[in-house]
Structures are given as structure tokens and as C-alpha cells.
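Protein chains in written order, with the working numbering: chain A, 1 to 105; chain B, 1001 to 1135.
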């Protein structure tokens, strides 16, 4: 698992919503799929991305796959993810825009 | 009570297609700083005490700790430290900010953590933290 995997996994709004749902409670694949206007295989694919990034755990129970959140990777990269980081990213990007609007010399 | 002192640092870098001198001015001149961050009475002089006028928290005290024009500026910001490094890169500048001294056991930091940034992380991360702490 690398940070890139985690952030690539988090970059997608469906996957973020999946994590939010899983934070409420573990769910099986069918229950998750019902929350989205997507095919079940599409939702499964998102779940596999999250699983490969180590953000969710999968448990096979009979014919059902049950998912629960694994926040470990998020805390590892907590500093990276923090709202402060988002805050500064936005501020510094504004700074770059302002300076770059001005003529070079 | 357990003694647990663990502070965190947030590091962000940004390339700016202008030379370090221009970026330096934007960090150290109040009129320019205000255009992309907040109003202040900053002055690049070690020991200078000033305030950063944060929109929701009000004026936050700050003090200049290190000045090496145009490559390094270190100042406090409330009880954190901001370290600004400017590295010439091609025709521009790599600006690296380290925001250090986060103590997640400090309720004020927690409050700030919850309130400073935009986006889903505001709600998701603290909830995740709670989830982990309740384990």
C-alpha cells in the first residue's frame, strides 16, 4: 500500500460516499449497491479499489461479501489529509494565481 | 493521566512561476499577504511580533523567528510554527510550507482542525478519529 493508492482511492466521490456509509455501519455489497445509481459490478469495482488501498476490509459470509471500514491507512496519512493541508493547498494556489497574473518582470 | 505529547506537521508545496524575490514579497508585505491570506502587520525582522487577522478566530499572535531573504521565513502563528522555504526552480519558485506543532490532544487544535478547512474531510476525518479512539 502506498499513499498514492489511498489518495487515488479517495479521489472518487462514489468511493468517498461508500466510506461514509461504512463509517455508519458495516454493510454487505448488495446494501451498498442500493445506495447508488450504478450497476452492482460498478459498485463492486469501487469496493475492490478501496480494499486494495487498505481502506475497507472484506469478509465473505456464505454468498455475501460484507465490508467494513479500516481507517488505518487514513491515520497513517492523517497529516497529508488534514483539513489544514486542504486549507493551505487552496491558499498557496491562490498565491500562485495572483503572482502569475502579474507580468514577469 | 497519561503524558502523550505527539505533534504533527502539515507540509504543502506549491510551484509558482515567478522568482523567489516576488514570492518573498508576497509572504512578508502586509498588502500582498492580505491578497492571498489574511490582513496582518507582518515585517520580516527576527523578533517582530505581529497579528494575523483570521476571519473566524480573530487576531492571532505571531512572532518572526528566522529570516533569510529570500529563502527562509519562520514565524509562529498562535501556538503553531509556520516555516516557509523558497527554492529557486527553473524560472520560478518552489514554495514549501511546514505548519508544525499540531497537538491533537489540545482541544483548541481540535477545534481549529474541525473548523479551518473546507470539504468532506472536516466531517469525515474527525468522525474517523472518533471511530478509532472508541476502539
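Glycine included, C-beta positions come from ideal geometry on N, C-alpha and C.
For residue 51 (chain A), no beta strand (DSSP E) encloses it; the enclosing alpha helix (DSSP H) starts and ends at 40-52. Look at residue 96 (chain A): its C-beta is under 7 Å from a C-beta on chain B. The criterion of a C-beta distance shorter than 7 Å is not satisfied by residue 1083 (chain B) and residue 1016 (chain B). Residue 67 (chain A) and residue 27 (chain A) do touch by the CB rule: their CB atoms are close to 6 Å apart, below 8 Å. Taking 7 Å as the cut-off, the beta carbon of residue 1051 (chain B) is found closer than this to the beta carbon of residue 1061 (chain B).
When 8 Å is used as the limit between beta carbons, residue 1014 (chain B) is near these residues of chain A: 89, 92, 93, 95 and 96, in chain order. Counting along the chain, the unbroken alpha helix (DSSP H) around residue 1020 (chain B) starts and ends at 1020-1028. Between residue 89 (chain A) and residue 1037 (chain B), the C-beta spacing is not below 7 Å. In this structure residue 63 (chain A) is exposed. Its beta-carbon is surrounded by fewer than 16 other beta-carbon atoms within 10 angstroms. At a cut-off of 7 Å, the C-beta of residue 101 (chain A) has no neighbouring C-beta in chain B. Per the coordinates, the alpha-carbon of residue 29 (chain A) lies some 53 Å from the alpha-carbon of residue 1063 (chain B).
Ranked by Cα distance from residue 1008 (chain B), the first of A:84, A:65 and A:95 is A:84.
Of the other Cβ atoms in all chains shown, fewer than 16 fall within 10 Å of the Cβ of residue 1091 (chain B); this residue is therefore exposed.
Residues of chain B whose Cβ lies closer than 8 Å to the Cβ of residue 34 (chain A) do not exist, since the nearest Cβ in that chain is about 21 Å away.
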